[in-house]
Amino acid sequence: MKPKHLIVFAALLLFSGCWTANYLEYNFTLNEAQTVYVGEPIFRAVVGKTNRDLSFLDPRFITDLIYLGKSGNTVKIGYVEYANIESRTYIRPDYSRILEYDLTQSDTIGYNLTRIKVLGATNTEINYKVLSCGALGYMADTLAYKDYIILQRPTSRK
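Rendered as structure tokens:
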């Protein structure tokens with residue numbers, strides 16, 4: 002290898018880490034009324050890798066709370082975790098479950114460190130506010146994503 006090529010190769014190796022960053026993406030605004038329909042995520046958090054200009058996102062771990070509908074005074078929420086391995090997204094079945102919340106006991110529901118106030122719910126949609134979300138920091142810390150870019154992409158239909 003010629004010295005000129007060796008210098009270019011060494012520079013590429015040295016600076017290759019400067020072009021990636023960790024990111025944390027979520028689909029809500031704290032304490033703001035939002036509406037989603039059955040089958041859509043009330044709460045979604047994604048942890049992954051990106052380049053500095055955010056033109057490329059590589060999700061590594063995704064967690065969803067999906068609205069499944071209402072029966073009587075009980076709302077059903079699906080909790081689903083996904084892992085991205087070699088550019089393929091897989092559901093983690095051991096970490097997926099269906100949660101049921103009786104709204105006569107409380108209009109605030111929660112799972113792990115997330116708290117959601119239900120403002121109204123029908124068989125087809127839910128109106129809610131995300132009150133707190135310690136899960137975002139927990140996800141980042143657990144996966145050793147200490148420095149990350151936060152992307153907020155609300156999916157609400159007001």
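Quick note: the sequence shown uses the numbering used here, first residue 2, plus one each step.
Note that beta-carbon positions come from the ideal geometry of N, C-alpha and C, so glycine has one too.
All figures in this text were calculated on a predicted structure; none of them were measured in a lab.
So, for residue i: in the same chain, excluding its five sequence neighbours on each side, which residues have a beta-carbon less than 7 Å away from its beta-carbon?
| i | result |
| --- | --- |
| N74 | D103, L104 and T105 |
| Y129 | Q35, I43, I117, K118, V119 and L120 |
Between which two residues does the beta strand (DSSP E) harbouring residue i extend?
| i | result |
| --- | --- |
| D103 | R98 to D103 |
| P42 | P42 to N52 |
| N23 | T21 to Y27 |
| L132 | E126 to C134 |
| F62 | L58 to S72 |
| T123 | Unbroken run through T123: none, as it is neither H nor E. |
| A34 | Here A34 belongs to no beta strand (DSSP E), and DSSP marks it neither H nor E. |
Which class does residue i belong to by DSSP, given the choice of helix, strand or coil?
| i | result |
| --- | --- |
| D201 | Nothing about residue 201 can be reported from this structure: the residues present for the chain run from 2 to 159 only. |
| H6 | With a pLDDT of only 49 at H6, under 50, the local geometry of the prediction cannot be trusted, and the value read off the model is given with reservation. It is helical. |
Leaving aside the five residues before and after residue i along the sequence, list all residues of the same chain whose C-beta is less than 6 Å from its C-beta, in chain order.
| i | result |
| --- | --- |
| D179 | Residue numbering for the chain in the displayed model covers 2 to 159; residue 179 lies beyond these limits and cannot be assessed. |
| C134 | T115 |
| G79 | I67, L69 and I99 |
Which value, in whole angstroms, describes the spacing of the CA atoms of residue i and residue j?
| i | j | result |
| --- | --- | --- |
| K77 | L25 | 26 Å |
| V131 | L31 | 5 Å |
| Y96 | V81 | 7 Å |
| T125 | Y27 | 23 Å |
| D108 | I86 | 37 Å |
| E101 | E33 | 23 Å |
| D54 | T21 | 9 Å |
| R220 | R45 | With the chain covering only 2 through 159, there is no way to say anything about residue 220. |
Can you give me the Cβ contacts of residue i inside the same chain, cut-off strictly under 8 Å, excluding the 5 residues immediately before and after it?
| i | result |
| --- | --- |
| T90 | P60, I63, Y83 and A84 |
| G111 | I117 |
Cβ contact (3+ pairs, closer than 8 Å) linking the segment 67-83 and the segment 31-49: yes
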